[in-house]
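Student: Below is one structure. I have some questions about it.
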Amino acid sequence: MPDNGEAATPRAEPRSGEGSAFVLSRGVVILFAVACGAAVANVYFSQPLLVTMGHDLAMSPALVGSVVTLTQVGYGLGLFFLVPLGDVADRRRLIVAQLLLLVVALAVVAAAHTAAILLAGMAAVGLLAVVTQTLVAFAASLAPPSERGRVVGLVTSGVVIGILLARTASGLMADLAGWRSVYLASASLTALLALVLYQVLPRHSDAPPTTLRYGQLLRSTITLFARERLLRLRALFGLLIFAAFSTLWSSVALLLSEAPYFLSHSAIGALGLIGVAGALAATVAGRLNDRGLSRRTTGIALALLAASWVLLAFTPSSLWALVVGVILLDLAVQAVHVTNQTLICVLHPDAGSRLIGGYMVFYSIGSATGAIAATFLYTVAGWGAVCALGSAFSCLGLALWAFTRHSTPTPPPRSPLAVKTDTPPCERCCKCP
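Written out as structure tokens, the structure reads:
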């Protein structure tokens, strides 16, 4: 019998205009993945460009560092204040509008000639890049229940590739045509994606408009966390895995730029290519969730995450240990991430954007915590302390899974008939198929 782990019983039907009238083909899923990757990459483009930006605009080192900080702050604010709008607005129009505004923000960054304009533009880029999460929630709502995990996995693979390749791509483009070319190229690609998505996405929803006002919408996001134990649990998993993820990626460049490696920025950026293997985990994890193996997938992935730090600890003496450790870590993080999103999306299909946005707030907290703690520890205690920190985050996640894996409600598997008809179980008992 499949391990249904933490499969959740849906509380409401998806929007009728999204889930039934529109056929989500593989080509459209790939389009979602490309759009997600292109949008989220804008948050990470600046990291290899900070020194060049600072020289060009005569910015102090402290001011240059605030470029990344403001981008992340904007992204965090967008997760809470913009992503929930997907539950009350026409998602097609919302996505296209955010992409067009993102084009404007990218153009402002590319044309910036003062530090103030650059910082304002980067904050706006972070705020609007959360269109990624609106796209993930939209794709999940369009997918048939029996294929939701596969769809979320494919779309998330685009996010993974966008994050990991952003630094490599921006470094190469900056070497060829200057740092401003990175944002001009991204603005052009974003405008093209807005046009294509406007043509391809469902044009309307037959669902009646919600009566929630904006303030009520934001409060309901908090209410969802208070009501849903599964959402709280999966948000904690998200915080811990992305704290471990950020612990590695925020500090490994410091190690590799020093003895005995003295790698160049381009070589360090190419390390992201290895991490693309994590995109494979996104698709595989999605299929495992469709088979009802969410609990088992989570446990195995968290065990691999903890094991990856054993290998990463040998990085100072072996690049091969780093390569294998990076692959294991990225595979594990993306497997848990896809499982998290697949499970929480079915809690309340009519609140998918709020669920994803609220969950991703914990992602941001974990990422920021890992980055700040890892860079501090590396400065005062070296790479061994960084690996101990990453291992601690990973082991906490594994312990949380071990203590909660039998206490989470486990509805019985859906029968083949239920999968074909997309009929959700009722809420009155646990005997429905």
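When we follow the numbering used here, the leftmost residue of the sequence shown carries the number 9, and every step to the right adds one. Heads up, the beta-carbon is just placed ideally off N, CA and C, and yes, glycines get one too. Bear in mind that the values here come from a model prediction, so they are computed numbers and not experimental data.
1) I need the straight-line Cα distance from V341 to G366, nearest angstrom please.
2) Could you spell out where the alpha helix (DSSP H) holding V167 opens and where it closes?
3) Could you check the C-alpha separation between R34 and L351 for me, to the nearest Å?
4) By a C-beta neighbour count over all protein chains shown, 10 Å radius and 16 as the cutoff for buried, is L247 buried or exposed?
5) In this structure, does DSSP put T291 in helix, strand or coil?
6) If you reduce the DSSP assignment to three classes, tell me which class A137 lands in.
7) I'd like the span of the alpha helix (DSSP H) that includes L108, first residue to last.
8) Compute the Euclidean distance between the alpha carbons of S54 and V75, then round it to the nearest angstrom.
9) Quick check: the Cα distance between L183 and P69, rounded to an integer number of angstroms?
10) Would you identify the three-state DSSP class for P56, choosing helix, strand or coil?
11) If you run the structure through DSSP and keep just helix, strand and coil, what is V37?
12) When you compare only the Cα positions, how much space is there between Q207 and E266?
13) Would you check if the distance between the CB atom of V139 and the CB atom of T164 is smaller than 9 Å?
14) Alpha carbon to alpha carbon, how far is V48 from L264? Give it in angstroms, no decimals.
15) Apply the 10 Å Cβ neighbour rule to R156 and answer buried if 16 or more other Cβ atoms are within range, or exposed otherwise.
16) I want to know whether the region 114 to 128 touches the region 179 to 198 - three or more CB-CB distances under 8 Å.
17) Going by DSSP in three states, A267 sits in which element: helix, strand or coil?
18) Among C395, S361 and L110, whose alpha-carbon lies nearest the alpha-carbon of A193?
19) Closer than 9 Å, CB to CB, is S196 near chain B or not?
20) For M181, collect the residues of the same chain with a Cβ closer than 6 Å to its Cβ; drop the 5 residues on either side in sequence, then sort them by chain order.
21) Note down, in chain order, each residue of its chain lying with its Cβ closer than 8 Å to the Cβ of A147, except the 5 sequence neighbours on either side.
22) Going by other Cβ atoms of all chains shown within 10 Å of its Cβ, with 16 needed for buried, is I230 buried or exposed?
23) Please state whether DSSP places L209 in a helix, a strand or coil.
24) Is the separation between the beta-carbon of F233 and that of L408 shorter than 9 Å?
25) Along the chain, where does the alpha helix (DSSP H) that runs through M368 open and close?
26) Expressed to the nearest angstrom, what Euclidean distance is found between the alpha-carbon atoms of T383 and S258?
27) With DSSP as the reference, label N50 as helix, strand or coil.
28) Output the distance between the C-alpha atoms of V112 and L78, rounded to the nearest integer angstrom.
29) DSSP state of V260, grouped into three classes?
30) Do you know how far the Cα of L71 is from the Cα of L126?
31) Here's a check: name, in chain order, each residue in its chain whose Cβ is nearer than 8 Å to the Cβ of A46, leaving out the five neighbours to either side.
32) Pull up the distance between the alpha-carbon of S178 and that of S375, whole angstroms please.
33) Under 6 Å Cβ to Cβ from P420, same chain only, skipping five residues before and after it: list those, please.
34) For the region 301 to 312 against the region 322 to 333, are there 3 or more C-beta pairs whose distance is under 8 Å?
35) My guess is that G82 and A131 are in contact by the Cβ rule of under 8 Å, so how many angstroms apart are they, rounded?
Tutor: This is what the structure gives:
1) V341 and G366 have their alpha carbons spaced roughly 18 Å apart.
2) R156 to A185
3) 21 Å
4) The residue is buried, with at least 16 neighbouring Cβ atoms inside 10 Å.
5) helix
6) Assignment of A137 by DSSP, reduced to helix, strand and coil, places it in the coil class.
7) R99 to A119 is the extent of the alpha helix (DSSP H) around L108.
8) If I take the Cα positions, the gap works out to 8 Å.
9) The sequence given here has Asp at residue 183, not Leu. The straight-line gap from Cα to Cα measures roughly 21 Å.
10) helix
11) helix
12) CA-to-CA, the gap between Q207 and E266 works out to about 50 Å.
13) no
14) 25 Å
15) buried
16) yes
17) coil
18) Closest by alpha carbon: L110.
19) This model lacks chain B altogether; it includes just one protein chain.
20) S189 and V190
21) L32, V37, F40, V159, V160 and V163
22) Burial call: exposed.
23) coil
24) no
25) G360 to A389
26) When rounded, the distance between both Cα atoms is 7 Å.
27) coil
28) V112 and L78: Cα-Cα distance of roughly 17 Å.
29) helix
30) The alpha-carbon atoms of L126 and L71 are separated by roughly 11 Å.
31) Take A46, set aside five residues on each side of it, and the residues of its chain with a beta-carbon closer than 8 Å to its own are G170, S194, L197, T198 and L201, in chain order.
32) 21 Å
33) Because P420 carries a pLDDT of 38, less than 50, the predicted location of this residue cannot be relied on, and no value is offered for it.
34) no
35) 4 Å
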